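Report on the structure given below.
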Amino acid sequence: MKEQGTAGTKKYWNAFYKQNVNLPKSSFCSKVQETLTSESFVVDIGCGSGRDTFAFASSGVDAIGIDGSEEAIGLNKSKAEELLLSSKVSFIALDLCKSSDLRNLFEELKNQGIEKQKHLVLYLRFLLHAIDDKTEKTLLETISDVFPQGTKFAAEFRTKEDEQLNKIYDNHYRRFVDTDQLIPDLESKGFEINSFCKGTGLSIYKGEDPFLARVFATKL
Ligand SMILES: C[S@@+](CC[C@H](N)C(=O)[O-])C[C@H]1O[C@@H](n2cnc3c(N)ncnc32)[C@H](O)[C@@H]1O
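Below you can see the structure in the form of structure tokens.
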């Protein structure tokens, strides 16, 4: 049975991260790193184990990781201290469903970006398919309302085409994103699409080759 609802999702991810997941940075992270400078400020939304957040910070880019799993965020905070990276990276536990908390956090990050003269990059790897439609709506609307012109958006996620492929799947909540809806939705929320591709071969893991989309966009 697929666990539904925010509580079920959080329970699943907390148990998952308790196993102290230690994965190398993703191929999408490497792709995004090509576009960054020391002036970038990456907001890794749904950062999980922080595999990519730490990679950004280790390369000298300021980063913050946000996730609903307190377990993951607790481990990430300790790891940041151990690695002496606390000046480059921070982590915060937040449920994206909580729209007013989300808006407050985004406002704070926007202000930090302005104060430090940084270029904001919103980074969402494997998040959009892990949240339901309603949470996606809250997230994208809040992003659109709060973040200023020039903010970059980079997302990688499973699409509808992935639904039929064989996969390693342990029954946690998963949605398959319809890019025919998402792309116009992003455009209607004030984003210009800089590049969009979808297919397999983008992130092969444990013999699974998911059908994914990658979207790069800029707030107009
Ligand atoms: C598939 S994992 C991706 C983790 C990481 N970005 C990566 O690529 O390894 C999805 C993440 O989304 C987080 N998540 C799911 N629903 C959420 C919500 N409502 N609020 C905040 N985080 C959520 C989970 O805790 C999990 O860490």
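Residues are numbered in my numbering as their position in the sequence shown, beginning at 1, plus a constant of 1305. Note that CB positions come from ideal geometry on N, CA and C, so glycine has one too. These numbers were taken from a predicted model, which means no experiment stands behind them.
To which residues of the same chain is residue i closer than 7 angstroms at the C-beta, ignoring the five residues directly before and after it?
i: Lys-1382; result: Phe-1396
i: Leu-1401; result: Gly-1373, Leu-1407, Ile-1436, Thr-1440, Thr-1443 and Leu-1444
Closest to residue i by CA distance: which of the options is it?
i: His-1477; options: Ala-1435, Ile-1448 and Glu-1492; result: Ala-1435
i: Glu-1574; options: Leu-1432, Asp-1467, Glu-1386 and Gln-1417; result: The requested residue 1574 does not occur in the structure, where the chain is confined to residues 1306 to 1525.
i: Gln-1486; options: Ser-1363, Phe-1361, Asp-1438 and Leu-1399; result: Asp-1438
i: Leu-1525; options: Phe-1431, Gln-1454 and Thr-1311; result: Gln-1454
i: Arg-1430; options: Gly-1351, Ser-1404 and Thr-1505; result: Gly-1351
i: Leu-1328; options: Ser-1405, Ser-1392, Glu-1446 and Thr-1358; result: Thr-1358
Using 7 angstroms as the threshold, is the C-beta distance between residue i and residue j below it?
i: Phe-1462; j: Ala-1377; result: no
i: Thr-1523; j: Lys-1423; result: no
i: Lys-1336; j: Arg-1356; result: no
i: Lys-1494; j: Ser-1449; result: yes
i: Val-1394; j: Ala-1368; result: yes
i: Ala-1385; j: Tyr-1428; result: no
i: Leu-1410; j: Gly-1418; result: no
i: Glu-1412; j: Val-1451; result: yes
i: Asp-1483; j: Lys-1465; result: yes
i: Ala-1360; j: Cys-1334; result: yes
Helix, strand or coil, according to DSSP, for residue i in the structure here?
i: Lys-1465; result: helix
i: Gly-1342; result: Residue identity differs from the one stated: residue 1342 is Thr in this sequence, not Gly. Coil.
i: Ile-1282; result: No answer is possible for residue 1282: it lies beyond the span of the chain, which begins at 1306 and ends at 1525.
i: Lys-1457; result: strand
i: Gly-1504; result: strand
i: Asn-1499; result: strand
i: Ser-1391; result: coil
i: Lys-1307; result: Confidence at Lys-1307 is low in this model, with a pLDDT of 43, below 50, so the placement of that residue should be treated as unreliable; the coordinate-derived value is given next. It is coil, neither helix nor strand.
i: Phe-1452; result: coil
i: Tyr-1322; result: helix
Let me see if you follow: with CB-CB separation under 7 angstroms, is residue i close to chain B or not?
i: Asn-1325; result: In the structure shown, chain B does not exist; there is a single protein chain.
Excluding five sequence neighbours on each side, which residues of the same chain lie with their C-beta closer than 6 angstroms to the C-beta of residue i?
i: Arg-1480; result: His-1434
i: Lys-1316; result: none
i: Phe-1346; result: Asp-1367, Gly-1418, Lys-1423 and Leu-1425
i: Ile-1509; result: none
Using only the alpha-carbon positions, how far apart do residue i and residue j sit?
i: Phe-1516; j: Ile-1488; result: 17 angstroms
i: Leu-1491; j: Gly-1365; result: 29 angstroms
i: Ser-1500; j: Glu-1420; result: 29 angstroms
i: Phe-1496; j: Leu-1389; result: 36 angstroms
i: Leu-1399; j: Glu-1387; result: 23 angstroms
i: Thr-1505; j: Leu-1432; result: 18 angstroms
i: Leu-1533; j: Gln-1324; result: Missing from the structure shown is residue 1533; the chain here goes from 1306 to 1525 and no further.
i: Lys-1403; j: Ile-1371; result: 13 angstroms
So, at 8 angstroms on beta carbons, what are the nonlocal neighbours of residue i in its own chain, with the 5 sequence-adjacent residues on each side left out?
i: Tyr-1322; result: Gly-1353, Ser-1354, Ser-1374, Glu-1376, Ala-1377 and Leu-1380
i: Ile-1498; result: Ile-1488, Leu-1491, Glu-1492, Val-1520, Phe-1521 and Ala-1522
i: Asn-1319; result: Ser-1374, Glu-1375, Glu-1376 and Ala-1377
i: Leu-1341; result: Val-1347, Phe-1361, Ser-1364, Val-1366 and Val-1426
Quick one: is the Cβ of residue i within less than 6 angstroms of any heavy atom of ligand 2?
i: Phe-1431; result: Among the ligands present in this structure, namely ligand 1, ligand 2 is not found.
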